[in-house]
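In our numbering, the protein residues as written are 62 to 469. A virtual CB, placed ideally from N, CA and C, is assigned to each residue, including glycine. Every value quoted in this text rests on a predicted model; they were computed, and no experiment measured them.
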């Protein structure tokens, strides 16, 4: 499922600095900006020097603040200014989903490597066009599924691939968040776009990607149900950054997409999966979690405790069996060489994921000798959106089973 981008002709040599920019200075944009700043502090030598060229945002004050905080040379008022700058080699797109396609098309046409935030686009039509764009591109194109870089999640994937859980019997994934519980929260772009573009597209895309990353391709979904708990929201009086509160007006608008969704899935292997996602789950700031069960073992991960995971298998003596807390340390993927203090128990978190993701992307761009595992491609992210489309269709048809296009 993690297809490596095909060989590209436009490579950056180790003697030439690698110039990067970020389009979007909000919550996730700053995470990308910090990631690029840290790429040469992890995993040893290999990358050329990285030039932190620019952060672009239509909110100039926000862009200038991000550029100052993360050491970028300048702030630009538009994404077009990035596309037109011939000195910039690689760019992260971290703006509203509807803008992903036109920006990606312009950047690729300008010969720039692109790392696009998930979900891939604001519509399935745009996502398909971006996947087609990727097939003919002479640059690296990638998608930001940052949780693939979690040491715990990557370790669980290795357990599965090595057969250490035996034949899998159940994958149960959830992403429960609370950022939309306040009915006075502003009506931003996150609440526009129709069914599938709400909690499913925002946080569900992550858990769907993790499910296929760990357990293999999904063949069909069924039993889907979408619901919206807060159907109207006040209009903001100014710019909104991330999930932050902002002054709102007395005027309200309609929420166009789902707050909560659940569905079941059948994997190509025959494995059964259950999924639930919400953005109105009180007290859960970032509740990504999953369990994967097999006939010979089980594993579980919870992003609220990101520096560990649970593992259980058939130990020789039944009286000592039970779930073991595995503390993240140098024995897990990404940890050795990825943190300043390489010792178990010193933690691992969301910011680290973005650093490892940025490093993996630039490893691809620079064609280094020993790269990190490649980033997800536009084609991978299109597949996630095809699964989301199937979930929406299932919900419209009373939960009927709906097939997903076969994995390539």
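When the options are compared against residue i, the one with the closest alpha-carbon
i           : options               : result
residue 257 : 457, 218, 111 and 407 : 457
residue 215 : 430, 417 and 460      : 417
residue 198 : 230, 154, 165 and 284 : 165
residue 225 : 90, 176, 135 and 372  : 372
residue 192 : 406, 173, 162 and 220 : 162
residue 222 : 274, 290, 118 and 292 : 274
residue 385 : 370, 321, 291 and 453 : 370
residue 98  : 104, 84 and 131       : 131
residue 230 : 424, 402, 255 and 353 : 353
residue 318 : 330, 334, 337 and 288 : 288
residue 187 : 443, 298 and 302      : 443
residue 135 : 151, 112, 451 and 182 : 112
residue 292 : 265, 242 and 404      : 242
residue 314 : 263, 158, 248 and 393 : 248
residue 330 : 380, 127 and 276      : 276
residue 218 : 445, 448, 303 and 351 : 351
residue 421 : 105, 259, 146 and 128 : 105
residue 395 : 380, 419 and 379      : 419
Simplified DSSP assignment, three categories, for residue i
i           : result
residue 228 : coil
residue 438 : coil
residue 382 : coil
residue 335 : strand
residue 348 : strand
residue 143 : helix
residue 360 : strand
residue 199 : coil
residue 291 : coil
residue 130 : helix
residue 124 : helix
residue 328 : strand
residue 340 : coil
residue 453 : helix
residue 102 : helix
Range of the contiguous beta strand (DSSP E) that encloses residue i
i           : result
residue 370 : 369-374
residue 386 : 385-388
residue 315 : 309-315
residue 284 : 279-288
residue 241 : Run containing residue 241: none; DSSP gives neither H nor E here.
residue 135 : 135-137
residue 178 : 174-178
residue 113 : 111-117
residue 393 : No beta strand (DSSP E) holds residue 393; DSSP gives it neither H nor E.
residue 182 : From DSSP, residue 182 is part of no beta strand (DSSP E); its letter is neither H nor E.
residue 468 : Note, residue 468: premise wrong, no beta strand (DSSP E); not H, not E.
Closer than 7 Å: residue i CB and nearest the ligand ATP heavy atom
i           : result
residue 239 : Questions concerning the ligand ATP fall outside what the structure shown contains, since it holds no ligand whatsoever.
Buried or exposed by the 16-neighbour rule on C-beta atoms within 10 Å, applied to residue i
i           : result
residue 339 : buried
residue 122 : exposed
residue 232 : buried
residue 184 : buried
residue 306 : exposed
residue 477 : For the chain, the structure presents residues 62 to 469; residue 477 sits outside this window and is missing.
residue 397 : exposed
residue 343 : exposed
residue 168 : buried
residue 22  : The requested residue 22 does not occur in the structure, where the chain is confined to residues 62 to 469.
residue 173 : buried
residue 377 : exposed
residue 102 : exposed
residue 412 : exposed
residue 196 : exposed
residue 311 : exposed
Close beta carbons around residue i, own chain, < 8 Å, minus the five adjacent residues each side
i           : result
residue 208 : 214, 267, 270, 271, 349, 364 and 414
residue 479 : Shown here, the chain extends from 62 to 469; a query on residue 479 therefore has no answer.
residue 220 : 226, 358, 360 and 372
residue 455 : 282, 283, 284, 285, 324, 461, 462 and 463
Delimiting residues of the alpha helix (DSSP H) encompassing residue i
i           : result
residue 212 : 212-222
residue 267 : 266-276
residue 90  : 88-99
residue 427 : 411-427
residue 164 : 161-170
Contacts around residue i, its chain only, beta-carbon distance under 6 Å, and the 5 residues preceding and following it disregarded
i           : result
residue 92  : 415
residue 409 : 212, 367, 368 and 389
residue 107 : 429
residue 407 : none
residue 153 : 83, 93 and 176
residue 424 : 432 and 433
residue 468 : 278
residue 452 : 282, 285 and 324
Proximal residues to residue i (C-beta, below 7 Å), its chain only, five neighbours per side dropped
i           : result
residue 89  : 155 and 178
residue 65  : Note on residue 65: pLDDT 39, under 50, position unreliable in the model; no value is reported.
residue 245 : 295 and 309
residue 345 : 237, 238 and 239
residue 362 : 213, 214, 217, 350, 351 and 370
Chain D within 8 Å of residue i, Cβ atoms only
i           : result
residue 145 : Considering every chain present, this structure includes no chain D. It has just one protein chain.
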